[in-house]
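Peer 1: In this note's numbering, the protein residues as written are 26 to 239. We put the CB at the ideal spot given by N, CA and C, even for glycine.
#1: In this structure, does DSSP put residue 199 in helix, strand or coil?
#2: Looking at residue 134: is its Cβ nearer than 9 angstroms to the Cβ of residue 194?
#3: Return the residue from the list 85, 166 and 100 that minimises the CA-CA distance to residue 210.
#4: Give me the Cα-Cα distance between residue 111 and residue 188, rounded to the nearest whole angstrom.
#5: Take the Cβ of residue 80 as the centre, count every other Cβ of all protein chains shown within 10 Å, and call the residue buried at 16 or more, exposed below.
#6: Measuring CB atoms only, is the stretch 143-151 touching the stretch 172-186, in the sense that at least three cross pairs come out at less than 8 angstroms?
#7: Taking 9 angstroms as the threshold (C-beta atoms), are residue 128 and residue 223 in contact?
#8: Round the Cβ separation of residue 291 and residue 182 to the nearest angstrom and send it over; I've been treating them as touching at under 8 angstroms.
#9: So residue 120 packs on residue 108, CB below 8 angstroms; how close in whole Å?
#10: Starting from the N-terminal side, write out each stretch of the alpha helix (DSSP H) that is 4 residues or longer and does not extend beyond the stretch 121-206.
#11: On the CB-based measure, 16 or more other CB atoms within 10 Å of its CB, does residue 186 come out buried or exposed?
#12: Select from 216, 88, 169 and 126 the residue whose C-alpha is nearest the C-alpha of residue 155.
#13: Go to residue 88, then tell me how far its beta strand (DSSP E) extends in each direction, as first and last residue.
#14: Please name the residue, chosen from 218, 221, 220 and 208, that lies closest to residue 87 on a Cα-to-Cα basis.
#15: With C-beta atoms as the reference, is residue 170 less than 9 angstroms away from residue 197?
#16: Compute the distance between the beta-carbons of residue 105 and residue 161, then report whether it is under 9 angstroms.
#17: Might you give, ordered along the chain, the residues of its own chain that have their beta carbon closer than 8 angstroms to the beta carbon of residue 77, omitting 5 neighbours on each side?
#18: Counting C-beta neighbours from all protein chains within 10 Å, is the total for residue 102 16 or more, i.e. buried, or is it exposed?
#19: Would you decide whether residue 179 is buried or exposed? Buried here means 16 or more other CB atoms lie within 10 Å of its CB.
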């Protein structure tokens, strides 16, 4: 049975340090692109997975974040991380997650795998949700199991490692790039029209070309 992460909290309350100097905003390459039309129709425009015009349903969010649907559902119902595009209310609607939501889901999964308590993760998630999206790209999270630290410069990471406080780190920008590539291959939904958009998977396209050549 997969853990939902609802374990007994250990350690003290998480202190998310927020140095406001030397903020670095990283413009990451847009690796994934969604066609804004159904297959077979002419491509009028293409949208990046980070676009506010795109949302991702629960199964897609699970696949991209590497979690089970049980975990996704539990975290939404307990308020750890609810979808920002569309919730499951009314009951006839399906949850719809933004790129940022799924980025946080991946980070929560990594913190849980590292043994960070759910109590501490809740504090870290609240801080990450309040941060500017540009700041997330240049952020590194360091954790010693009881405290989560936000680092925005390489020197801050080095200082934590020297002090023995940082046991492991999560480079948010690297997770961002990985997620953008993954979501570019999966289905999305336009938030303005409700269209289901098919992601672009170069491997599928190569297979189709090979099949046509046979």
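Peer 2: Walking through what the data contain:
#1: If DSSP states are grouped into helix, strand and coil, residue 199 belongs with the helices.
#2: Not a contact, by the Cβ cut-off of 9 angstroms.
#3: Nearest of 85, 166 and 100 to residue 210, Cα basis: 85.
#4: If you take the alpha carbons of residue 111 and residue 188, they lie about 43 angstroms apart.
#5: Buried, by the Cβ-count rule.
#6: Below 8 angstroms, enough C-beta pairs join the stretch 143-151 and the stretch 172-186 to call them touching: three or more.
#7: Taking 9 angstroms as the Cβ cut-off, residue 223 and residue 128 do not qualify as a contacting pair.
#8: Lying outside 26 to 239, the shown extent of the chain, residue 291 is not represented and no answer is given.
#9: About 5 angstroms; that satisfies the 8 angstroms criterion.
#10: Qualifying alpha helix (DSSP H) stretches, in chain order: 124-138, 143-155, 158-162 and 179-188.
#11: Result: exposed.
#12: For the residues 216, 88, 169 and 126, the minimum Cα distance to residue 155 belongs to 126.
#13: Run containing residue 88: none in the beta strand (DSSP E); it sits in the alpha helix (DSSP H), 83-90.
#14: Considering only 218, 221, 220 and 208, the residue with the shortest C-alpha distance to residue 87 is 208.
#15: For residue 170 and residue 197, no; Cβs fall outside 9 angstroms.
#16: Contact flag unset, no.
#17: Around residue 77: 123 and 216.
#18: Counting Cβ neighbours within 10 Å, residue 102 comes out exposed, since fewer than 16 surround it.
#19: With fewer than 16 Cβ atoms within 10 Å of its Cβ, residue 179 is classed as exposed.
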